[in-house]
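Student: Sharing a structure below in structure tokens format, with a few things to ask.
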Amino acid sequence: MTKQEFLEMTQQGVMLLDGAVGSNFRKAGMPVGISTELWALEHPEVVLELQRGYVEAGSQIIYAPTFSANRIGLAMHGLEDRLEEINTGLVALTKKAAAGRALVAGDMTTTSKMLEPRGDMKYETLIDVYQEQIRVLEAAGVDLIIAETMLAVDETTALLEAAASVCDLPVMCSLTLEADGTLLYGGTITEAVETLQEMGAAAVGLNCSVGPNQLKAVVSSIKNVAAVPVLVKPNAGLPTMDSRGMAHYNMQPEAFAESMMELIEAGADLAGGCCGTTPEYIRALAKALGR
493 MTKQEFLEMT QQGVMLLDGA VGSNFRKAGM PVGISTELWA LEHPEVVLEL QRGYVEAGSQ
553 IIYAPTFSAN RIGLAMHGLE DRLEEINTGL VALTKKAAAG RALVAGDMTT TSKMLEPRGD
613 MKYETLIDVY QEQIRVLEAA GVDLIIAETM LAVDETTALL EAAASVCDLP VMCSLTLEAD
673 GTLLYGGTIT EAVETLQEMG AAAVGLNCSV GPNQLKAVVS SIKNVAAVPV LVKPNAGLPT
733 MDSRGMAHYN MQPEAFAESM MELIEAGADL AGGCCGTTPE YIRALAKALG R
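When you read off a place in the sequence shown, starting at 1, and then add 492, the result is the number in my numbering.
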């Protein structure tokens with residue numbers, strides 16, 4: 493898929509994304525402290541059931557669970573030598589679940605290593621890390637790339653540069669932020685949007701962060717400066733933690749969908765859910781859209 497083809501699709505109406513992956517894997521039995529990506533590869537039935545659920549609910553783009561499957565993320569679990577196997581296998585599972593009924597996005601995120609001067613990661617090194625994963629994702633057959641839960645603009649621009657240097661796939665970018673629109677490492681989401689769209693992002697916006705009921709002003713401010721489609725994929729409200737360290741999200745699907753419709757009215761072109769959401773949340777949103 494080219495960036496132009498992607499933009500033309502978004503002009504046909506709001507595109508539905510999928511919902512959470514990690515929080516649903518936890519509910520399916522995934523323990524803490526392990527590689528989510530390897531666990532997913534070793535539990536294909538969980539991946540297929542969840543992603544088929546999203547497709548049935550109305551998701552038009554589903555994310556392959558390749559979130560932290562970059563060299564640095566995998567090295568934290570001694571899995572860096574299995575990068576190609578893990579990314580390729582997870583894309584294959586996602587394409588099987590999509591069955592041609594939804595686009596498949598290769599999911600990428602921060603490496604957890606901060607760039608200079610905040611940390612010791614060199615910008616050129618980060619580009620190399622991202623190029624490696626993008627090459628594998630493209631070869632595996634993804635339709636586009638999503639850079640999500642990004643914490644800072646500079647690491648996101650590195651991912652955009654990496655993608656532009658090795659492929660022609662459209663890249664959506666979503667950052668996590670505070671309810672007032674400020675980013676975790678300084679600056680605001682509107683400043684980030686202006687930078688990222690100049691760098692070639694096919695869509696810009698936010699994910700994770702807080703619940704949709706706290707983001708209307710932020711989405712409006714993004715829409716005011718956005719020259720590309722706006723992506724919104726918030727949590728099902730703020731979580732509470734139980735004694736076992738499990739997060740519980742109390743916003744129900746209908747309330748989530750109602751608040752998401754306000755964000756769509758404020759300018760969201762691509763809408764989905766992050767932590768705490770399930771296929772039921774996407775189904776409720778699809779119903780609210782009259783689908």
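From the three backbone atoms N, C-alpha and C, an ideal C-beta is built for every residue, glycine too. Source: prediction; values computed, not measured.
1. So VAL722 packs on ALA760, CB below 8 Å; how close in whole Å?
2. Spatial neighbours of GLY581 within its chain, please: CB distance less than 8 Å, with the 5 preceding and 5 following residues excluded, ordered by chain position.
3. Mapping the DSSP letters down to three states, classify SER560 as helix, strand or coil.
4. If you draw a straight line from the alpha carbon of ILE578 to that of GLN689, how long is it in whole angstroms?
5. Does the Cβ of VAL524 have 16 or more other Cβ atoms within 10 Å, making it buried, or fewer, making it exposed?
6. Tell me, to the nearest whole angstrom, how far the beta carbon of VAL538 is from that of THR558; I am working on the premise that it is less than 8 Å.
7. Which class does MET501 belong to by DSSP, given the choice of helix, strand or coil?
8. Expressed to the nearest angstrom, what Euclidean distance is found between the alpha-carbon atoms of HIS535 and PRO704?
9. Look at the alpha carbon of GLU772 and the alpha carbon of ASP612, and state the distance between them as a whole number of angstroms.
10. Under 8 Å Cβ to Cβ from GLU750, same chain only, skipping five residues before and after it: list those, please.
11. Alpha carbon to alpha carbon, what distance is there between ALA694 and MET507?
12. What number of angstroms, rounded off, separates the C-alpha of GLY764 from the C-alpha of GLY570?
13. My output table needs one value for TYR741: the three-state DSSP class, helix, strand or coil.
14. Compare the beta carbon distance of ILE553 and ALA597 with 7 Å and say whether it is the shorter of the two.
15. How about ASN727 and CYS665: are their beta carbons less than 7 Å apart?
16. PRO726 bridges to which residues according to DSSP?
Tutor: For this structure:
1. 5 Å
2. LEU533
3. coil
4. 30 Å
5. exposed
6. Between THR558 and VAL538 the Cβ distance is about 15 Å, and since that is not below 8 Å, they are no contact.
7. Three-state result, MET501: helix.
8. 31 Å
9. 42 Å
10. ALA780
11. 14 Å
12. 32 Å
13. strand
14. Result yes, Cβ atoms of ILE553 and ALA597 sit closer than 7 Å.
15. The criterion of a C-beta distance shorter than 7 Å is not satisfied by ASN727 and CYS665.
16. CYS700
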